[in-house]
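In the order they appear, the protein sequences are chains A and B. Here the first sequence stands for residues 8 to 403, numbered as in the numbering used here. Here the second sequence stands for residues 8 to 403, numbered as in the numbering used here. First the structure, in the form of structure tokens, and then the observations on it.
There are 2 protein chains.
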Amino acid sequence: MPSISQKGRKMPESPIRKLVPYAEKAIKENKKVYYLNIGQPDIKTPQIALDAVSKHGLEILAYSRSEGSEEYRNKISNYYKRNNIPVEADEIIVTTGGSEALLFALGTIADQGDEIIIPEPFYANYNGFATASGVNIVPVISNIDTNFALPPISDFEKLITPKTKAIVICNPGNPTGYLYSKEEIKTLCAIVRKHDLFLIADEVYREFTYDGNEHFSILKDDSIYDHGIIIDSVSKRYSMCGARIGCLVSKNKKVISTALKFAQARLSPPTFAQIASEAALDTPQSYFDDVILEYKDRRDTLVKHLQEIPGVKVGIPKGAFYCIAELPIEDSDKFAQWLLEEFDHEGETIMVAPAGGFYSTPGVGLNQVRIAYVLKRENLIRAVEILKIALQQYPG
Amino acid sequence: MPSISQKGRKMPESPIRKLVPYAEKAIKENKKVYYLNIGQPDIKTPQIALDAVSKHGLEILAYSRSEGSEEYRNKISNYYKRNNIPVEADEIIVTTGGSEALLFALGTIADQGDEIIIPEPFYANYNGFATASGVNIVPVISNIDTNFALPPISDFEKLITPKTKAIVICNPGNPTGYLYSKEEIKTLCAIVRKHDLFLIADEVYREFTYDGNEHFSILKDDSIYDHGIIIDSVSKRYSMCGARIGCLVSKNKKVISTALKFAQARLSPPTFAQIASEAALDTPQSYFDDVILEYKDRRDTLVKHLQEIPGVKVGIPKGAFYCIAELPIEDSDKFAQWLLEEFDHEGETIMVAPAGGFYSTPGVGLNQVRIAYVLKRENLIRAVEILKIALQQYPG
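Here you go:
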């Protein structure tokens, strides 16, 4: 039998998805499962986006342009300008999800064996994209005790080698919910300028900030126009994860022309989803106001109830809709599996994402889980109650 | 300014898309352009697929499973079985176009610096996927004089090294229209068995065969179940290129479990497009009968009229909807650009795909173009007439 590639063997299993078989088994056993594990919001997609697809009126479902349709890119440019991020249509390449934007970005800036520095914990799938691209992730540790604030500059500089090509951040952060301050972004800008690196910012949760904190996009700092690459997506913004539409944004023309060659090879992003995404840009502000109020309430509910459980420590999220919780257990992989396989409280249990997969340093985060607050208030309360009871009963 | 990766600099420009700016200029000058350059059929998408999307009824556009929805994969399995290709649902991973299926396949079987052997000329974007994956294409030459038949076994065996991981074919072939016979496929199967390689077959044009010739899928040969990977797509089959739905098929469980890890990293294929693709599987046979009659008539029309031009040689396609034509010119890149920029006949011109991009051997195919017969009969006749006049007037 011919052999699988080393790369293929190294590809990580998704920490979020590997528990799915256990969840399916639990459901077959008629357990009710509260899903705290995945960032699939229960928020309705804006009707305007869904309707645009219903009325598509197409006779031939044709390729679009590789970089996305001109109309859509013009509207994205307007969206950025409304958010005080000065981006033109020709600085945008529409991608198949933020995922593809990150793949294109890594291919554009890094070769086999090159390195990218990422504050840890980070979005688990970065491991997959880095492995697929032959790029090594060098983690810089951020800590639950400082609520996952940006590590000191010296921590970054210690890690920079001739192979370092970029610093990658997710802001607001998945899985921490951390929102970098303007000062922290400026610090990162200074580092990438000094060391001639790229700064790749995954800003897909841009709208989701709480407590009056404002998101500061990397492209609000004009000193890093040649260094900055934004990864973006409609998935969370409009609760349309299934669209698979994102974009790569850069004011560096070489980055755009190179990423475009990757985009041309795969022909075009999906057409129906572009129709939905273009229409979604007309979503009224009231939609976001409601959604953000809802998430803020959920965050407050979740954090309050988690903090009441003895031995549980929570990173308080300032954005996005995740938090990292440290539990009084040793191995959250085993705990998460036990919750699905062996535990229930009155026929109900919960599914959490073990946090080990959000670290690339082995052995770190094993007593942590990521919790996504994508459920309604009353379900969140019940889910945390189940967690509390489970921790009392857990033999591990 | 930080530098672009070597990979990024090596990424080929799409030979099909690089002429687009010239075509846009021609159109601005009010020229009518007949597009012979791209495999975007003018055939209508089956209404049943378009209607399914119109009636989607979704409230939340959610992720699907990374491997594609179970219902859809079950229906694809039934489709293969109807075509006497014994494939089960768990041997299928739904991908974002055939493009992504090929990327997953290369990632699954090959590491940086590994080699794949492909009969040349080949689908130009294979160059892009190979570069993106760090894999080197080793071409085995097929020739217009033998109508692009499979080169002799000895030609393949001469090229096999310890780095060789797979032979990749496109059957029926883009850009040649060549349809491999059952005997040729069996020959390839024998080679991959003997040398323990994978055989990757891009079969996206499976339905498009003419003159009573039957397509022989690699998975009809059970001796290579561990070696075979099929790349498939709905793009051409149902004239829905803009869906971006394909699949990777293998009976090798390690291939599937590894490809699934790549699929998990990018979360899921597009949801709307899966709705369309699932519905498209109910397209009645009469649709294909009509479409294939139409393409056969177009092929006959195209070949007949091309053969009447002095100095033009045509590879006669037995499948798909492309042919390679050798023209009495030296540089088809320049000729294609000249057609758009400087030439017109009564305000009309044509766009062709220079064939150099379909070869990886430098300097080969420069006097050839790929012509896609995706236009109506009368337009094809007019387009070939324009080509004839252009060749008479071409100063190059």
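Yeah, the Cβ is synthetic: ideal placement off N, Cα and C, and Gly gets one too.
Original post:
Unbroken beta strand (DSSP E) runs of length 3 or more, entirely within the stretch 228–265 of chain A: which are they?
Top reply: Fully enclosed beta strand (DSSP E) runs of no fewer than 3 residues occupy 235–240 and 253–256 of the stretch 228–265 of chain A, in order along the chain.
Original post:
For Pro277 of chain A, which residues in chain B fall below 9 Å Cβ to Cβ?
Top reply: Listed by position along chain B, the residues whose Cβ is nearer than 9 Å to that of Pro277 of chain A are Thr103, Gly104, Gly249, Ala250, Arg251, Ile252, Pro276, Pro277, Phe279 and Ala280.
Original post:
Hey, out of A:Cys330, A:Glu301 and A:Tyr302, whose CA is closest to Gln314 of chain A's CA?
Top reply: By alpha-carbon distance to Gln314 of chain A, the top candidate from A:Cys330, A:Glu301 and A:Tyr302 is A:Cys330.
**OP:** For chain B, find out if any of its Cβ atoms is closer than 9 Å to the Cβ of Gly135 of chain A; answer yes or no.
**Re:** Yes, contact with chain B.
Subject >> Residue burial classification, Asn91 of chain A (beta-carbon count within 10 angstroms, cutoff 16) >> reply: The residue is exposed, with fewer than 16 neighbouring Cβ atoms inside 10 Å.
**OP:** For Tyr70 of chain B, return the contacting residues in chain A, with the cut-off set at a CB-CB distance below 7 Å.
**Re:** Result: Gln47, Cys248 and Gly249.
Subject >> Option nearest Arg251 of chain A by Cα separation, candidates A:Phe163, A:Ser224 and A:Ile282 >> reply: Residue A:Ile282 is the option with its Cα nearest to Arg251 of chain A.
Original post:
Of all the CB atoms in chain B, is at least one closer than 9 Å to the CB of Met358 of chain A?
Top reply: Met358 of chain A is outside the set of residues whose beta carbon lies under 9 Å from a beta carbon in chain B.
Subject >> Nearest residue (CA-CA) to Lys383 of chain A, options A:Glu349, A:Tyr187 and A:Arg306 >> reply: It is A:Arg306.
Original post:
Taking all protein chains shown into account, do 16 or more other C-beta atoms lie within 10 angstroms of the C-beta of Thr265 of chain B, making it buried, or fewer, making it exposed?
Top reply: Thr265 of chain B should be labelled buried.
Original post:
Can you name, in chain order, every residue of its own chain whose Cβ lies under 6 Å from the Cβ of Tyr29 of chain B, other than the five neighbours on each side?
Top reply: In the same chain as Tyr29 of chain B, and ignoring 5 residues on each side of it, the C-beta atoms closer than 6 Å to its own belong to Gln344, Leu347 and Glu348, in chain order.
Original post:
Hey, out of B:Asn178, B:Arg244, B:Gly326 and B:Gly219, whose CA is closest to Asp289 of chain B's CA?
Top reply: Answer by Cα proximity: B:Arg244.
Original post:
So, are the CB atoms of Tyr133 of chain B and Ile144 of chain B less than 9 Å apart?
Top reply: Contact annotation: Tyr133 of chain B and Ile144 of chain B have beta-carbon atoms nearer than 9 Å.
Original post:
For Leu65 of chain B, which residues in chain A fall below 9 Å Cβ to Cβ?
Top reply: In chain order: Thr52, Leu57, Val60 and Gly249.
Original post:
Counting along the chain, where does the beta strand (DSSP E) carrying Arg377 of chain A start and finish?
Top reply: Here the beta strand (DSSP E) through Arg377 of chain A covers Gln375 to Ala379.
**OP:** Could you tell me which of B:Thr138, B:Ala360, B:Glu333 and B:Ala272 sits nearest to Val117 of chain A, measuring between CA atoms?
**Re:** Correcting the residue identity first, residue 117 of chain A is Ala in this sequence and not Val. Cα-wise, what sits closest to Ala117 of chain A is B:Thr138.
Original post:
Who are Asp162 of chain B's beta bridge partners in DSSP?
Top reply: In the DSSP secondary-structure assignment, Asp162 of chain B is not bridged to any residue.
**OP:** Give the residues from the stretch 204–216 of chain B that approach chain C closer than 7 Å (Cβ to any Cβ), ordered along the chain.
**Re:** You won't find chain C in this structure, because its protein chains are A and B.
Subject >> Within chain A, partners of Ser188 of chain B - CB distance below 9 Å >> reply: The contacting residues do not exist; Ser188 of chain B stays about 24 Å from chain A at best.
Original post:
Buried or exposed: which applies to Pro179 of chain A, given that a residue is buried once 16 or more other Cβ atoms fall within 10 Å of its Cβ?
Top reply: If you draw a 10 Å sphere on the C-beta of Pro179 of chain A, you find 16 or more other C-beta atoms in it, and that means buried.
Original post:
For Val211 of chain A, which three-state DSSP category applies?
Top reply: For Val211 of chain A, the three-state secondary structure derived from DSSP is coil.
**OP:** Measure the alpha-carbon distance for Thr5 of chain A versus Pro128 of chain A and round it to whole angstroms.
**Re:** The structure shown does not extend to residue 5 of chain A, since chain A is modelled only from 8 to 403, so the question has no answer here.
**OP:** Put Val142 of chain A into one of helix, strand or coil per three-state DSSP.
**Re:** In the structure shown, Val142 of chain A falls within a coil segment according to DSSP collapsed to helix, strand and coil.
Original post:
Helix or strand or just coil, what does DSSP make of Phe136 of chain A?
Top reply: In the three-state DSSP reduction, Phe136 of chain A falls in the helix class (H, G or I).
Original post:
Considering only residues of the same chain and omitting the five flanking positions on each side of Cys177 of chain B, which have a CB-CB separation below 6 Å?
Top reply: These residues qualify, in order along the chain: Tyr130 and Asp209.
Original post:
So, are the CB atoms of Ser76 of chain A and Glu285 of chain A less than 9 Å apart?
Top reply: Yes.
Subject >> Residue range of the unbroken beta strand (DSSP E) whose run includes Ile123 of chain A >> reply: First-last of the beta strand (DSSP E) with Ile123 of chain A: Glu122 to Glu127.
**OP:** Sort B:Glu333, B:Ala197, B:Gln375 and B:Thr356 by Cα distance to Ile42 of chain B and report the nearest one.
**Re:** Note on residue identity: the sequence assigns Tyr, not Ile, to residue 42 of chain B. Answer by Cα proximity: B:Thr356.
**OP:** For the stretch 69–94 of chain B, list the beta strand (DSSP E) runs that are entirely contained and at least 3 residues long, ordered along the chain.
**Re:** Annotation: the stretch 69–94 of chain B contains no complete segment of the beta strand (DSSP E) (minimum length 3 residues).
Subject >> CB contact check: Val40 of chain A to chain B, cutoff 9 Å >> reply: At least 9 Å separates the CB of Val40 of chain A from every CB of chain B.
**OP:** Answer yes if the stretch 223–239 of chain B comes into contact with the stretch 52–64 of chain B, meaning at least three C-beta pairs across the two stretches below 8 Å, and no otherwise.
**Re:** Fewer than three Cβ pairs drawn from the stretch 52–64 of chain B and the stretch 223–239 of chain B lie within less than 8 Å of each other, which leaves the two stretches out of contact.
Original post:
Glu95 of chain A CB to nearest chain B CB: under 9 Å?
Top reply: Glu95 of chain A has a beta carbon lying at 9 Å or more from every beta carbon in chain B.
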